[in-house]
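What follows is one structure encoded as structure tokens, with my remarks underneath.
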Amino acid sequence: LKALAARDNDIPFLVALPYSTIDWSLTDGSLIPIEERDAAEVTRMTGRLDDGTIA
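Laid out in structure tokens, this is it:
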């Protein structure tokens with residue numbers, strides 16, 4: 425969405441990414457394999473509280 429907003433306002437939108445992440449053997453973006461991950465990775469959050477305990 426940011427790229428579309430930039431285009432609508434004639435603002436250049438640049439993307440920086442490692443060249444090594446591009447798979448030049450694929451002819452179409454639909455061929456990119458989608459990784460299946462465990463839902464808990466985005467539905468659960470843990471971290472350290474101010475007192476140092478794990479939440």
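Note that the working numbering gives residue 446 to position 22 of the sequence shown, counting from 1, and the numbers run on in steps of one.
Even glycine gets a Cβ: it sits at the ideal position worked out from N, Cα and C.
The model shown is predicted, which means the values in this text are computed figures rather than measured ones.
In the DSSP assignment, residue 431 falls within the alpha helix (DSSP H) that extends over 426-432.
Excluding five sequence positions before and after residue 446, none of the CB atoms of its chain fall closer than 6 Å to its own CB. Residue 478 has 472 as its beta-bridge partners, per DSSP.
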